[in-house]
Amino acid sequence: LLAFLGVTFLLPDVQTLYCQWGTVEVVKNVSELPYEWTNSQTTCETGEGCRETAILIKNGPQVTLLLSKGCTMEKDQEATVTEHRAGPGLSIISYTRVCRHGFFCNDLSTTDRLSGLPTATGANPECWRGQGRGTWREEDRTE
Numbered sequence: 006l007l008a009f010l011g012v013t014f015l016l017p018d019v020q021t022l023y024c025q026w027g028t029v030e031v032v033k034n035v036s037e038l039p040y041e042w043t044n045s046q047t048t049c050e051t052g053e054g055c056r057e058t059a060i061l062i063k064n065g066p067q068v069t070l071l072l073s074k075g076c077t078m079e080k081d082q083e084a085t086v087t088e089h090r091a092g093p094g095l096s097i098i099s100y101t102r103v104c105r106h107g108f109f110c111n112d113l114s115t116t117d118r119l120s121g122l123p124t125a126t127g128a129n130p131e132c133w134r135g136q137g138r139g140t141w142r143e144e145d146r147t148e
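Our numbering numbers the first residue of the sequence shown as 6 and each following residue consecutively.
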C-alpha cells in the first residue's frame, strides 16, 4: 500500500496542488499604480490547476482592478494579456493564466507585470491595421 501511495504522488496529474486563492475589486487612481495585493491559499482537488485572472479597466484618471485566483479544471494556459479596448478615454486589459507546474504557481501579486506591455499600434499586426484589439503572452512584453 505504501509503495502504491508513493507512486501515486509521483504522477504529475494526480498530485494535489496548492494554489493562491482570493478576489480583489478596487478602484484606484492611475497615479497609484502599480497596485500590489496578497492572497490566501487553498488546496485544489485532484487534477485541478491554479488559475489567475486580472481585468484592468482604465477610465480617465481612474482604473478599476478585478482580480481572481483559485483552482480550475481548465487546461494549462501561458500567461496572456489581451487588450480588449485601447483609449482614449476607456481602456480594458485582461490577464489570464492556468498552471500546474508547482505549488502556488499562480503568483501574480502586482499590476507591475502588466506594465510595459506593447502598445496596440506596435505589437500585433491586427491592431496595427486598426482592428482595435490584441493579445500578448507575458514573455512578449517589452521592458
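In this text, a Cβ means the ideal position worked out from N, Cα and C, and glycines have one as well.
- Residue burial annotation: residue 25 is buried, with at least 16 other C-beta atoms found within 10 angstroms of its C-beta.
- If you draw a straight line from the Cα of residue 46 to the Cα of residue 30, it is about 18 Å long.
- Excluding five sequence positions before and after residue 77, the CB atoms of its chain that fall closer than 7 Å to its own CB belong to 53, 54, 56 and 103, given in chain order.
- Approximately 4 Å separates the beta-carbon atoms of residue 117 and residue 39; this is inside 8 Å, confirming the contact.
- Bridge pairing for residue 64: 67 and 95 [DSSP].
- The criterion of a C-beta distance shorter than 7 Å is not satisfied by residue 32 and residue 58.
- The Cβ-Cβ distance between residue 73 and residue 28 falls below 7 Å.
- Your pair residue 36 and residue 60 does not check out as a contact, with CB atoms roughly 20 Å apart and the cut at 8 Å.
- In this structure, the beta-carbon distance from residue 114 to residue 63 does not fall below 7 Å.
- DSSP, read as helix, strand or coil, puts residue 41 in strand.
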